[in-house]
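Visitor: Structure below; questions to follow.
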Amino acid sequence: MNASTATRAPTANSRADETAGMLLGLAGVAIFSLTLPFTRLAVTELDPLFVTMGRAVAAALLAGLWLWWRGAPLPGRAALPALAIVSGGCVIGFPLLTSIAMRSLPASHGAVLVGILPLATALFSALRGHERPSFGFWCAALAGSSLVIGFALGQSGGALHLADVLMLGAVAAAGMGYAEGGRLSQTMGGQQVISWALLLSLPVALPLAAWDIWRHGGDLGAAGPAAWGGFAYTCVFSMFVGFIFWYRGMALGGVARVGQVQLLQPFLTLLGAAAVLGEPLRAAHLLFALAVIGTVALGRKMAVTRSTAH
Numbered sequence: 006m007n008a009s010t011a012t013r014a015p016t017a018n019s020r021a022d023e024t025a026g027m028l029l030g031l032a033g034v035a036i037f038s039l040t041l042p043f044t045r046l047a048v049t050e051l052d053p054l055f056v057t058m059g060r061a062v063a064a065a066l067l068a069g070l071w072l073w074w075r076g077a078p079l080p081g082r083a084a085l086p087a088l089a090i091v092s093g094g095c096v097i098g099f100p101l102l103t104s105i106a107m108r109s110l111p112a113s114h115g116a117v118l119v120g121i122l123p124l125a126t127a128l129f130s131a132l133r134g135h136e137r138p139s140f141g142f143w144c145a146a147l148a149g150s151s152l153v154i155g156f157a158l159g160q161s162g163g164a165l166h167l168a169d170v171l172m173l174g175a176v177a178a179a180g181m182g183y184a185e186g187g188r189l190s191q192t193m194g195g196q197q198v199i200s201w202a203l204l205l206s207l208p209v210a211l212p213l214a215a216w217d218i219w220r221h222g223g224d225l226g227a228a229g230p231a232a233w234g235g236f237a238y239t240c241v242f243s244m245f246v247g248f249i250f251w252y253r254g255m256a257l258g259g260v261a262r263v264g265q266v267q268l269l270q271p272f273l274t275l276l277g278a279a280a281v282l283g284e285p286l287r288a289a290h291l292l293f294a295l296a297v298i299g300t301v302a303l304g305r306k307m308a309v310t311r312s313t314a315h
């Protein structure tokens, strides 16, 4: 085999992996896009702390069953810090902050703030030294993020409210967890990453869920089917199934590049908010979404240097 052949084959494999990664990432984003509408549906009658910790406990039970069924080995000690970051950011931080924010924010408003997740994910990945996006990639990511921030400010009268700050904190928490989870998925697999992260959250989530049930047991019993339906979606799909697609996609296609697919999430969430909650879908929302899709297409063509997984 000559040198030119040796260099072409990995390139073809890399492109195939990137395509598969983008498709899996898109499936994950489609699932995640309904998280805010169903969370808002749940917190109209259920306490945000219960919605957060209860969904972590329920998803951890699913994860434990999956790990037992697959006979998955225990994670190595070296993986525990990264798993703790995934647990803190994706299992506890993002759900808790968004659950509180969704009590006062429409899901359609929260959708535009979540649109900066690709920038947060790429930023944390770069800070941790796993990937080196090119200047053009950063320009595309910043353009998309500027769009969503400008849209959010316009909707809120030019100033960010407390709920907006909570949503931005949630974005930071999720970006950190996504970056670590995407890196770890290259060696552990996406299913194992989210499953072990969920189980790692149990010492925090289970006592807090039990305490909240003790405090608000009567309110939980009075909640209607719509609230429980929203809660069930976040338990099964937002907290478990979506991550299987998402982390596998990032493992194949790269954290920064597949993270760009999240720029589509505001558009999908706006549609979900209209379908699930009856929130109005305005022409400005659609124009905004089309502009964001343009930045995804641009970012898809930009170079991203990936470090070798160890």
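Per my numbering: the sequence shown = residues 6 to 315. Heads up, the beta-carbon is just placed ideally off N, CA and C, and yes, glycines get one too. Treat the numbers as computed from the prediction; the structure is a model and nothing was measured.
(1) For my contact list, glycine 187 and alanine 256 are in at a C-beta cut-off of 8 Å; report their separation, rounded to the angstrom.
(2) Return the first residue and the last residue of the alpha helix (DSSP H) that alanine 214 is part of.
(3) Select from Ser130, Ala68 and Val170 the residue whose C-alpha is nearest the C-alpha of proline 114.
(4) If you measure between the beta carbons of valine 281 and leucine 39, is that distance less than 8 Å?
(5) Confirm, please, whether the CB-CB distance from glycine 98 to alanine 175 is below 8 Å.
(6) Among residues of its own chain, excluding the 5 on either side of valine 62, which ones have a beta-carbon nearer than 6 Å to its beta-carbon?
(7) Hey, methionine 27 and glycine 141: beta-carbon distance below 8 Å or not?
(8) Quick check on DSSP: helix, strand or coil for proline 230?
(9) In chain order, what residues of the same chain have a beta carbon less than 7 Å from the beta carbon of leucine 51, not counting five sequence neighbours either side?
(10) Rounded to the nearest angstrom, how far is the Cβ of threonine 192 from that of alanine 47, given a contact under 8 Å?
(11) Per DSSP, what kind of secondary structure is arginine 287 in: helix, strand or coil?
(12) Going by DSSP, what residue range makes up the alpha helix (DSSP H) through serine 151?
(13) Could you tell me whether the Cβ atoms of threonine 126 and alanine 178 are closer together than 8 Å?
(14) Within a Cβ cutoff of 8 Å, which residues of the same chain sit near alanine 87, ignoring the five residues on either side of it in sequence?
(15) If you draw a straight line from the alpha carbon of glycine 304 to that of phenylalanine 250, how long is it in whole angstroms?
(16) Any idea what DSSP makes of arginine 137, helix, strand or coil?
(17) Beta carbon of threonine 300, beta carbon of glycine 155: below 8 Å?
(18) Going straight from the alpha carbon of proline 123 to that of leucine 66, what length do you get?
(19) Which residues in the same chain have their Cβ closer than 6 Å to the Cβ of leucine 31, if we skip the five residues on either side of it in sequence?
Guide: A quick look at the data gives this:
(1) 6 Å
(2) 195-227
(3) Looking at the sequence shown, residue 114 is not proline but histidine. Comparing Cα-Cα distances from histidine 114 to each of Ser130, Ala68 and Val170, the minimum goes to Val170.
(4) yes
(5) yes
(6) Ala210, Leu211 and Ala214
(7) no
(8) helix
(9) Leu225, Ala228, Ala232 and Phe236
(10) That belief does not hold up - the Cβ atoms of threonine 192 and alanine 47 are roughly 34 Å apart, past 8 Å.
(11) coil
(12) 140-160
(13) no
(14) Glu185, Gly186, Arg188 and Leu189
(15) 21 Å
(16) strand
(17) no
(18) 29 Å
(19) Val266
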